[in-house]
Amino acid sequence: MEPKSKNRLSLKPELKSLVERPKVKSWLELMLTFKTVCDYLERELYKEGFSLARFQTLYYLYFEGPLTGVELSIRLLVTRGNISTFLKRLANDGVIVSKKESPKSKRKVYGLSVGATKDFEEVFRKHIERLEGLMVVLDKAVLRDFKTIRERTAEIAHE
Numbered sequence: 020m021e022p023k024s025k026n027r028l029s030l031k032p033e034l035k036s037l038v039e040r041p042k043v044k045s046w047l048e049l050m051l052t053f054k055t056v057c058d059y060l061e062r063e064l065y066k067e068g069f070s071l072a073r074f075q076t077l078y079y080l081y082f083e084g085p086l087t088g089v090e091l092s093i094r095l096l097v098t099r100g101n102i103s104t105f106l107k108r109l110a111n112d113g114v115i116v117s118k119k120e121s122p123k124s125k126r127k128v129y130g131l132s133v134g135a136t137k138d139f140e141e142v143f144r145k146h147i148e149r150l151e152g153l154m155v156v157l158d159k160a161v162l163r164d165f166k167t168i169r170e171r172t173a174e175i176a177h178e
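Using my numbering, read the sequence shown as starting at 20 and increasing by one per residue.
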């Protein structure tokens with residue numbers, strides 16, 4: 020029996036050759052860059068007292084205005100159960116305020132408190148400064164390529 024290799028790719032050279040394909044290499048570089056940047060930005064937000072979920076929630080409420088729990092759960096890609104627990108925590112922290120969608124409605128809409136609005140604006144400005152410090156302006160052709168990839172993916176996903 021042969022010893023197990025630490026490098027699983029070396030066991031199957033034909034699979035390693037798949038990773039060497041230009042499109043796969045491009046995808047790997049894109050994903051590694053995305054993950055590295057996201058991890059850094061998330062750590063910096065955490066230093067400011069914001070989890071990524073909190074930042075995203077405040078982002079949507081700031082730029083889109085009051086939203087229902089369902090609308091937030093869709094934007095954050097979480098279940099309604101998870102969002103309701105999270106919203107209760109934000110309300111207890113004084114970050115969000117809720118009111119009925121309409122006098123006859125039982126559904127609540129959530130908006131930012133005055134204090135949270137000021138905090139978000141300050142953190143958002145710093146976040147954008149950090150982002151601009153990392154990014155380069157991508158060529159229009161690259162941006163078109165990204166759009167093409169998104170459109171292809173959407174087509175395949177809806178088949």
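Note that the Cβ used here is the ideal one computed from N, Cα and C, for glycine as well.
Residues in its own chain within less than 6 angstroms of residue i by CB, not counting five upstream and five downstream?
{"i": "GLU61", "result": "LEU71"}
{"i": "GLU21", "result": "Unreliable placement is indicated for GLU21, whose pLDDT of 49 sits below 50; the coordinate value is still reported in the next sentence. Excluding sequence neighbours, GLU21 sits near nothing in its chain."}
Going by CA-CA distance only, name the one from the options that's closest to residue i.
{"i": "LEU106", "options": "LYS166, LEU131, LYS125", "result": "LEU131"}
{"i": "LYS118", "options": "PRO85, ILE175, TYR59", "result": "PRO85"}
{"i": "LEU150", "options": "LEU162, GLY113, LEU64, GLU39", "result": "LEU64"}
{"i": "ALA135", "options": "LEU109, PRO32, PHE53", "result": "LEU109"}
With distances taken between CB atoms, is the gap from residue i to residue j smaller than 8 angstroms?
{"i": "GLU90", "j": "VAL142", "result": "no"}
{"i": "LEU95", "j": "THR76", "result": "yes"}
{"i": "LEU139", "j": "TYR81", "result": "According to the sequence as given, residue 139 is Phe; it is not Leu. Yes, Cβ-Cβ distance for PHE139 and TYR81 is below 8 angstroms."}
{"i": "LEU51", "j": "VAL43", "result": "no"}
Which residues does DSSP pair with residue i in a beta bridge?
{"i": "SER117", "result": "TYR129"}
{"i": "THR87", "result": "VAL128"}
Residues in the same chain with beta-carbon distance under 8 angstroms from residue i, minus the five sequence neighbours each way, listed in chain order, please.
{"i": "THR87", "result": "GLU120, ARG126, LYS127, VAL128, TYR129"}
{"i": "LYS166", "result": "none"}
{"i": "ASP112", "result": "none"}
{"i": "TYR78", "result": "PHE139, PHE143"}
For residue i, I'd like the list of residues in its chain whose CB is within less than 7 angstroms of its CB, leaving aside the five on either flank, ordered along the chain.
{"i": "LYS137", "result": "none"}
{"i": "LEU153", "result": "VAL56"}
{"i": "LEU69", "result": "Reading off the sequence shown, one finds Phe at residue 69, where the question assumed Leu. These residues qualify, in order along the chain: VAL142."}
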